[in-house]
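Participant:
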Amino acid sequence: MPTITLQVNDNVYEKFQWLLSHFHKDEIDIMHPSKEEFDYISDEKMQELKNISNNYKSGKKDEFVEYKL
Numbered sequence: 001m002p003t004i005t006l007q008v009n010d011n012v013y014e015k016f017q018w019l020l021s022h023f024h025k026d027e028i029d030i031m032h033p034s035k036e037e038f039d040y041i042s043d044e045k046m047q048e049l050k051n052i053s054n055n056y057k058s059g060k061k062d063e064f065v066e067y068k069l
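Read left to right, the sequence shown gives residues 1 to 69 (the numbering used here).
1) Quick check: the Cα distance between E48 and N11, rounded to an integer number of angstroms?
2) Excluding the 5 residues preceding and the 5 following I30 in the sequence, name in chain order all residues of the same chain whose CB lies nearer than 7 Å to its CB.
3) Counting only the same chain and skipping the five closest in sequence on each side, list residues whose C-beta sits under 8 Å from that of I41.
4) Shortest alpha-carbon distance to D26 belongs to which of L6, E44, Q17 and M1?
Structure below.
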């Protein structure tokens, strides 16, 4: 069975769950029933992480502490 990931707006989340509840367990399996269980990174946070990575790669390492093992 294919697995998909959806981001559902809070305004329709309950309606969406209601819709999914009308399918048989063999047809649809809700793997993460609550939003709190899902590890999601917003577009803004992802961009922030990319900026940090790009700064490090371009030599702007003033804010970083490097540990060598």
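C-beta atoms are modelled at their ideal positions from N, C-alpha and C, and glycine is treated no differently.
Facilitator: Well, looking at it:
1) Taking the sequence shown and counting its residues from 1, one reaches residue 48 at position 48. Taking the sequence shown and counting its residues from 1, one reaches residue 11 at position 11. About 27 Å.
2) Looking up residue 30 in the sequence shown gives position 30. The answer, listed in chain order, is L20.
3) Here residue 41 refers to the residue found at position 41 of the sequence shown. Only L49 meet the Cβ criterion.
4) Residue numbering aside, residue 26 sits at position 26 when the sequence shown is read from its first letter. Out of L6, E44, Q17 and M1, M1 has the C-alpha closest to the C-alpha of D26.
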